[in-house]
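Quick notes on the structure that follows.
Residue numbers (my numbering): 248 to 572.
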């Protein structure tokens, strides 16, 4: 599939918000989960700033591109650049803030969809930020839910979350005052926190769950799940191979609890077969995000913008040079 020859577009944050939807996110996640890609990443940091650049080639979509994001103090900026794989022409530049949360949620939703057996279930949501909001929207679209219990440390935040997300979930969504109250009677959990503190979920707290998704910890210095959660899992599914060694909670699982990351299965492989419970303990899905997810979603948003006549015309960035063979 070759990217269409269209004028390049810039999608700012407002345009991305207007174009983003659960449906667009899930379609991109399904593509990125199955597509073969060539990828690479660079991460640098000093005592003031941190930057990561993720690059990828997606032949199925006919695109090549990269995502760049950097942080200085509490200030973070993201953008995604997409080019035509066959012509080297720019397709567009997309603000990456919403893309980051939507692609993460949509990818996790594929795991919930794969295990769904039609039984109404209680879902525990730990967190009330953008990642948690996108997560509930996506999971509710593909999973059979009976109710949702939400905990985050700040009461006002969890109450606002429930008020805003209740209509989208289509089932009762109510705030609770503790992690334990959220998990009580739940069959599944979606954990999406800032991960700035110590890990807070131990194996004993989640042993009764059928499935647990942890998506907030993506770097070595971040923790959500105590390492014994992975060691006690019936099966661990990862969105990419780098999740075997990059997130802090997986590092903790390896170093303190003897977890063998090579026994984890990649999402792409896991989705190829019907789901069967692998043994005692919950299924644990761990995501750190991939450039395939970013590029597939950015391309989907650019395509939607063209179809709807939206987007800011962008200049061709980078002078064309014809190289000798």
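Glycine included, C-beta positions come from ideal geometry on N, C-alpha and C.
Asked, Found
"Exposure label - residue 445; buried when at least 16 CB within 10 Å", "exposed"
"First and last residue of the uninterrupted beta strand (DSSP E) at residue 192", "Here the chain comprises residues numbered 248 to 572, so residue 192 is not present and cannot be evaluated."
"Supposed contact pair residue 394 and residue 352 - C-beta distance, whole angstroms, cut 8 Å", "19 Å between Cβ atoms; not a contact."
"Nearest to residue 396 (by Cα), restricted to the options 389, 408, 403 and 261", "408"
"Residue interval of the beta strand (DSSP E) (run including residue 326)", "322 to 331"
"Which of helix, strand or coil DSSP assigns to residue 402", "helix"
"Separation of residue 532 from residue 355, as counted between CA atoms", "7 Å"
"Residue 484 versus residue 570: straight-line alpha-carbon distance, rounded", "43 Å"
"Runs of alpha helix (DSSP H) lying entirely within the stretch 409 to 454, each at least 4 residues, in chain order", "426 to 430 and 450 to 453"
"Contacts around residue 513, its chain only, beta-carbon distance under 8 Å, and the 5 residues preceding and following it disregarded", "484, 485, 486, 487 and 488"
"Pairwise C-alpha distance: residue 459 and residue 503", "20 Å"
"Residue 366 (DSSP reduced to helix, strand or coil)", "coil"
"Residue 361 classed as buried or exposed, judged by whether at least 16 other C-beta atoms fall within 10 angstroms", "buried"
"Residue 567 - DSSP class collapsed to helix/strand/coil", "coil"
"Rounded separation between residue 423 and residue 429 - CA only", "6 Å"
"Residue 350, buried or exposed, once every other Cβ within 10 Å from all chains shown has been counted against 16", "buried"
"Residue 474 versus residue 412 - alpha carbon distance", "31 Å"
"Beta strand (DSSP E) runs wholly inside the stretch 493 to 557, at least 3 long, in chain order", "530 to 533"
"Inter-stretch contact (C-beta, 8 Å, three-pair minimum) for the stretch 532 to 543 and the stretch 259 to 270", "no"
"Close beta carbons around residue 417, own chain, < 8 Å, minus the five adjacent residues each side", "387 and 392"
"Supposed contact pair residue 314 and residue 304 - C-beta distance, whole angstroms, cut 8 Å", "Contact doesn't hold; Cβ gap of about 13 Å is too wide."
"Beta-carbon contacts of residue 276 that lie in its chain and below 6 Å, excluding the five residues immediately before and after", "353, 354 and 357"
"Where residue 249 falls: helix, strand or coil (DSSP)", "For residue 249, the pLDDT reaches just 47, beneath the cut-off of 50, and the residue's location in the model is therefore unreliable, although a value from the coordinates is still provided. Coil."
"Which residues DSSP lists as bridging residue 560, in chain order", "256"
"Segment limits, beta strand (DSSP E) that includes residue 476", "From DSSP, residue 476 is part of no beta strand (DSSP E) but of the alpha helix (DSSP H) over 475 to 478."
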